[in-house]
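Written out below as C-alpha cells is the structure these notes cover.
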Amino acid sequence: MLSPLSLTAWAFAAESRAVSQVDFPENGQLQIQTQAVLLNPTHPTQTQVGEFVYKGGLRLSSEQTHQLHGFSDIDVLMGKHLIAVGDRGALLKAELVLDQMQMLRGLDAVELSPLKGEDGQLLLAKESSDAEGLAHLNKGDRLISFEEEHRILIYPAAGGPPRPVPFPRFLFEPNQGMEALTADLQDPQSYWVGAEFTGDVWQCWLNNPTCHKHHTLSLPPDLFLVAMRQLPQNRTAYLLRGYFPERKSNQILLRIVDNKAPDQILAQLELAPPLIEDNFEGLAAVPLPSGGTRFYLISDDNFNPEQETLLLAFDWQP
Numbered sequence: 000m001l002s003p004l005s006l007t008a009w010a011f012a013a014e015s016r017a018v019s020q021v022d023f024p025e026n027g028q029l030q031i032q033t034q035a036v037l038l039n040p041t042h043p044t045q046t047q048v049g050e051f052v053y054k055g056g057l058r059l060s061s062e063q064t065h066q067l068h069g070f071s072d073i074d075v076l077m078g079k080h081l082i083a084v085g086d087r088g089a090l091l092k093a094e095l096v097l098d099q100m101q102m103l104r105g106l107d108a109v110e111l112s113p114l115k116g117e118d119g120q121l122l123l124a125k126e127s128s129d130a131e132g133l134a135h136l137n138k139g140d141r142l143i144s145f146e147e148e149h150r151i152l153i154y155p156a157a158g159g160p161p162r163p164v165p166f167p168r169f170l171f172e173p174n175q176g177m178e179a180l181t182a183d184l185q186d187p188q189s190y191w192v193g194a195e196f197t198g199d200v201w202q203c204w205l206n207n208p209t210c211h212k213h214h215t216l217s218l219p220p221d222l223f224l225v226a227m228r229q230l231p232q233n234r235t236a237y238l239l240r241g242y243f244p245e246r247k248s249n250q251i252l253l254r255i256v257d258n259k260a261p262d263q264i265l266a267q268l269e270l271a272p273p274l275i276e277d278n279f280e281g282l283a284a285v286p287l288p289s290g291g292t293r294f295y296l297i298s299d300d301n302f303n304p305e306q307e308t309l310l311l312a313f314d315w316q317p
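In this text, residue positions in the sequence shown follow numbering that gives the first Met the number 0: the first is 0, and each later residue adds one.
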C-alpha cells in the first residue's frame, strides 16, 4: 500500500507506469550495492530495543534496474534463502550473508524477475501485478496475495503457472486489500489472511472455498496491518505501520501475541524517530536454535527517491 510520501507528481507518474520486461535483468542475475545502516543514527552504539536485539541492517540499491523498489513482503527459507515480492510484480531472490556472530552483512546470488499470471504470461499491468502478501506452504508452494485486482495465487514448487486459491469474500478497496499473509504451521492445507485497514484476520484452506473470519485485531490509531507470520508455540507476529505527515515519519510496531488472545501483547518492537524508520511492510520469521526468532523487515519505498529500500534483522528470545 502507498504511504502519503508517494503522493507527489513524480511518484504518481511512476506508480501509473506499466511494468516493462526490459526493467528486469535479461538473465535474472542482479548486481546490487549494500550499505550498512545503524539502528539509531543519533546513538551509533545502540543495539537493542526492549527485548529485540538489532542484528544488522542494509540499504539496498542497484544501477542495473529500476525495479529494486516497492517490496511489500518478504520470506526467508532454510534460514538464509530470501524471497520478496513487490508492488509492480517483481520477485526478488537472494542468499543472506551472515558473519560469525550471525549479523546481517550482505546479500549474494541476487536474482530479480517478473511474476507471471495464470496464463503463464508476465504480469505487466499495474492493477494485476500489485503483489502485497507472501507465504510458503510446507511443501514449498508459494502463495502471493494481490491488491487492486484482489486475489491469491499459488505458485507450485514444481514450477508451472499459478492458479487461484480461496480468499476472503470481503469488499476490499482498490489499494486496501490483503496485505498480510502467512502459512498455518499446524495445518498444511491452511493459510491466514489479514486486511490492512480493518485488521480482520481470516483462516483459509486450499481445499475449502470459504474462508472463516477468525478475529479482528485492535489496531492503534492511524496504524494498519501490513504483514504477519505464525510462530511456534501458537503465537503470531503482526507488523503494523502508520505514516504521520505532520512529522513526516513512520511508526512501525512488531507485535507478538498468543493466538488464543490476539490483543494481549507478549512482546513489542517499536521503530520511530530517532530510530531508523521507513515504510516497512514485509516481515519474515526464522526460528533460532536457542528457541527464539530472527525477524527480517523490508521497506516499500514506493519508488520514491525520498525513501529507501531497507532490510533489517532483529532477534527475539521469549
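All residues carry an ideal CB built from backbone N, CA and C; glycine is no exception.
Requested in this report: Evaluate contact between the region 23-36 and the region 243-254, counting only Cβ atoms and requiring at least three cross-stretch pairs below 8 Å.
Outcome: Taking 8 Å as the limit for Cβ pairs, the verdict is that the region 243-254 does not touch the region 23-36.
Query raised in the report: Span of the alpha helix (DSSP H) holding residue 126?
Result: Along the sequence shown, one-based indexing puts residue 126 at 127. Residue 126 -> alpha helix (DSSP H) spans 125-128.
Requested in this report: Check whether the region 272-282 touches the region 293-305, taking contact to mean three or more Cβ pairs, one atom from each stretch, closer than 8 Å.
Outcome: A contact exists between the region 272-282 and the region 293-305.
Query raised in the report: Cα separation between residue 191 and residue 307?
Result: If you number the sequence shown from 1, residue 191 lands on position 192. If you number the sequence shown from 1, residue 307 lands on position 308. Going by the C-alpha atoms only, they are around 29 Å apart.
Query raised in the report: Taking the C-alpha atoms as reference points, what is the distance between residue 166 and residue 56?
Result: Here residue 166 corresponds to residue number 167 of the sequence shown, with the count starting at 1. Here residue 56 corresponds to residue number 57 of the sequence shown, with the count starting at 1. Each residue's Cα considered, the two are about 34 Å apart.
**Report entry** Whole-Å CB distance - residue 222 paired with residue 252, under 8 Å assumed
**Finding:** If you number the sequence shown from 1, residue 222 lands on position 223. If you number the sequence shown from 1, residue 252 lands on position 253. Taking the Cβ atoms as the reference, residue 222 lies roughly 6 Å from residue 252, within the contact range of under 8 Å.
Query - Cα-Cα separation between residue 291 and residue 209, rounded to whole angstroms - result: Residue 291 sits at position 292 when you count from the first residue of the sequence shown. Residue 209 sits at position 210 when you count from the first residue of the sequence shown. Computed Cα separation, rounded: 34 Å.
Query raised in the report: So, is residue 168 buried or exposed, given that buried needs 16 or more other C-beta atoms within 10 angstroms?
Result: Taking the first residue of the sequence shown as 1, we reach residue 168 at position 169. Residue 168 is exposed by the Cβ-count criterion.
Query raised in the report: Any idea if residue 181 is buried or exposed, counting beta-carbon neighbours within 10 angstroms, 16 or more meaning buried?
Result: Your numbering for residue 181 matches position 182 in the sequence shown. By the neighbour-count rule (16 or more Cβ atoms within 10 Å), residue 181 is buried.
Query raised in the report: From residue 219 to residue 130, what does the alpha carbon distance come to, in whole angstroms?
Result: Your numbering for residue 219 matches position 220 in the sequence shown. Your numbering for residue 130 matches position 131 in the sequence shown. Roughly 25 Å separates the two Cα atoms.
Query raised in the report: Alpha carbon to alpha carbon, what distance is there between residue 184 and residue 232?
Result: Against the sequence shown, residue 232 aligns to sequence position 233. Against the sequence shown, residue 184 aligns to sequence position 185. Residue 232 and residue 184: Cα-Cα distance of roughly 10 Å.
Query - Beta-carbon contacts of residue 9 that lie in its chain and below 7 Å, excluding the five residues immediately before and after - result: To locate residue 9, count along the sequence shown from 1; it is residue 10. In this predicted model, residue 9 has a pLDDT of only 35, less than 50, meaning its place in the structure is not dependable; the value taken from the coordinates is given anyway. In its chain, beyond the 5 residues on either side, no residue has a beta carbon closer than 7 Å to the beta carbon of residue 9.
Query raised in the report: Nearest-angstrom Cα distance between residue 143 and residue 202?
Result: By 1-based counting over the sequence shown, the position of residue 143 is 144. By 1-based counting over the sequence shown, the position of residue 202 is 203. A straight line joining the alpha-carbon of residue 143 with that of residue 202 spans about 15 Å.
Query raised in the report: Between the Cα of residue 177 and the Cα atoms of 213, 23, 189 and 224, which residue gives the shortest distance?
Result: Mapped onto the sequence shown, residue 177 falls at position 178. If we check each option's Cα against that of residue 177, 224 comes out closest.
**Report entry** Alpha carbon of residue 122 to alpha carbon of residue 258, nearest angstrom
**Finding:** As a position in the sequence shown, residue 122 is number 123, starting the count at 1. As a position in the sequence shown, residue 258 is number 259, starting the count at 1. Rounded to whole angstroms, the separation of the alpha carbons of residue 258 and residue 122 is 35 Å.
**Report entry** Beta-bridge partners of residue 96, as assigned by DSSP
**Finding:** Position 97 of the sequence shown holds residue 96. According to DSSP, which records beta bridges pairwise, residue 96 is partnered with 105.
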